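Numbering-wise, the sequence shown is residues -27 to -1, 1 to 246 according to mature numbering (1 follows the signal peptide of the UniProt record, and there is no 0).
No residue lacks a Cβ here, since even glycine has one placed at the ideal position from N, Cα and C.
Just so you know, these numbers come straight off a predicted model, no measurement behind them.
Input: a single structure, listed below in structure tokens.
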Amino acid sequence: MKIMRIAAGCTLLLFAVWFTGCGTSGNADKKAEPDAVHGKIVRSSYGKCDTVSGTGVSLKISLWTPSGSNSVTETINNMLTVKSLQRINSYLDSTTLASMPSASGSIDDAFKLFQKNYNDFKKDFPDAPGCWEVELKGDTVMTTPKVLQYRLDHYAFTGGAHPNSFRSFHIFDRTTGKETDIKKCVTDSVSFLKLVEKHFRKTENIAPDMDLEKAGYFLLDHTFSIPVSHALTREGILFYYNPYEIAAYARGAIQFVIPYSELENVIDENVFF
């Protein structure tokens, strides 16, 4: 449920800033190969889960990080660390975090607090089955001469009926290393939203006049919304609804790609290509 609250919060934030698109539509050669972005997968692990006894606590991190010692790679790497810490610390309350402020800036200390939470929980509920696990995986989706599109997957089990997962996408400016947003290329936000809903209904086999809430979907203020997670791909823009974001957990993630050919009147491709 923690993941569900994170997704819901991000949706509110997204709508607060979404409708500010700029520019005019253009036609970029999306298949042109940009200058390569060199990097490597950095792996780290903390703790261990005993699969026999079903006890223990584990944190595994596997992130593609750009190589080099310039300000751009440093900015991107720092941002990936911040995002990793935010996900680990999302399982801690404010009082626990205040007991070790360094956990907000150190993966080692964040794990120590996560482990302490587990140990405290086991003292209160010694018969509770299952170890606690958090796994983070990050890799590139694509690059253009202007941006690097990144994907971060977050899997977690901290008790309950099932594990949770959350996928997010992040666009990094290749000139500054700072994170940017797809909203910057949207030129017609109303038509953009209508197009996303059209493809959502097509993916889910829902008639244009069917009430989505009556069909079992979750809507914010009874209004269809763009997913928190969306990404640039070579073929078009990928829209990714995480479990719980718009449908029940059992439905799983809902995703689809809208080709750039259908987006040419509502976005300016030149912003990112």
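Task: Closer than 8 Å to chain B by CB, Val159 - done: Reference to chain B is not applicable here, since this structure consists of a single protein chain.
Task: Completely contained beta strand (DSSP E) runs for the region 96 to 166, where each covers 3 or more residues - done: Within the region 96 to 166, the complete beta strand (DSSP E) runs of at least 3 residues are 105 to 116, 120 to 130 and 137 to 146.
- [ ] Could you tell me whether the Cβ atoms of Asp66 and Met73 are closer together than 8 Å?
- [x] Residue mapping note: residue 66 aligns to position 93 of the sequence shown, counting from 1. Residue mapping note: residue 73 aligns to position 100 of the sequence shown, counting from 1. No, the pair does not count as a contact, with Cβ atoms beyond the cut-off.
Task: Beta-bridge partners of Pro232, as assigned by DSSP - done: Start at 1 with the first residue of the sequence shown, and residue 232 comes out as number 259. Gly209.
Task: Range covered by the alpha helix (DSSP H) that runs through Arg16 - done: The residue you call residue 16 lines up with position 43 of the sequence shown. Counting along the chain, Arg16 sits inside no alpha helix (DSSP H); it lies in the beta strand (DSSP E) bounded by residues Gly12 to Asp23.
- [ ] Return the CA-CA distance between Val10 and Ser138, expressed in angstroms with no decimal places.
- [x] In the sequence shown, residue 10 corresponds to position 37, counting from 1. In the sequence shown, residue 138 corresponds to position 165, counting from 1. Taken atom to atom, the span from the alpha-carbon of Val10 to that of Ser138 is near 28 Å.
Task: Same chain only: Cβ atoms within 8 Å of Gly225, ignoring 5 sequence neighbours per side - done: On the sequence shown, position 252 is the one that residue 225 refers to. Excluding sequence neighbours, Gly225 sits near Pro216.
Task: Contact the region 102 to 121 vs the region 21 to 36: 3+ CB pairs below 8 Å - done: Output reads yes: the region 21 to 36 touches the region 102 to 121.
Task: Leu65: first and last residue of the uninterrupted alpha helix (DSSP H) it sits in - done: The sequence position of residue 65 within the sequence shown is 92, counting from 1. Judged by DSSP secondary structure, Leu65 falls outside any alpha helix (DSSP H); it is assigned neither H nor E.
- [ ] Label Val25 either buried or exposed according to how many other C-beta atoms from any shown protein chain fall within 10 Å of its C-beta, with 16 as the threshold for buried.
- [x] The sequence position of residue 25 within the sequence shown is 52, counting from 1. The residue in question, Val25, is exposed, as its Cβ has fewer than 16 Cβ neighbours within 10 Å.
Open item on the list: So, under 8 Å CB-CB, Tyr222 and Pro200 are touching, yes? Tell me the CB distance rounded to an integer number of Å.
Closed with: Mapped onto the sequence shown, residue 222 falls at position 249. Mapped onto the sequence shown, residue 200 falls at position 227. With a Cβ gap of about 16 Å, Tyr222 and Pro200 do not count as contacting.
TODO: List the endpoints of the continuous beta strand (DSSP E) containing Ser35.
DONE: Position 62 of the sequence shown holds residue 35. It spans Thr28 to Pro39 - the beta strand (DSSP E) in which Ser35 sits, taken as one unbroken run.
Task: Option nearest Phe245 by Cα separation, candidates Ala101, Leu70 and Val120 - done: Along the sequence shown, one-based indexing puts residue 245 at 272. Closest in alpha carbon position to Phe245, among Ala101, Leu70 and Val120, is Val120.
TODO: With a threshold of 16 other CB atoms inside 10 Å of the CB of Ser18, please say whether the residue is buried or exposed.
DONE: Residue 18 sits at position 45 when you count from the first residue of the sequence shown. By the neighbour-count rule (16 or more Cβ atoms within 10 Å), Ser18 is not buried but exposed.
- [ ] Under the assumption that Val239 contacts Leu168 (Cβ atoms under 8 Å), give the Cβ distance between them as a whole number of angstroms.
- [x] Walking along the sequence shown from the start, residue 239 turns up at place 266. Walking along the sequence shown from the start, residue 168 turns up at place 195. That pair is a contact at about 6 Å.
Task: Which of helix, strand or coil DSSP assigns to Leu185 - done: Locating residue 185 in the sequence shown gives position 212, counting from the first residue. Coil, per DSSP.
- [ ] Go through its chain and collect everything with a Cβ distance to Ala220's Cβ below 8 Å, but skip five positions before and after it.
- [x] For the purposes of this step, residue 220 is identified with residue 247 of the sequence shown, where counting begins at 1. So the qualifying residues of the chain are Gly189, Tyr190, Phe191, Tyr214 and Ile227.
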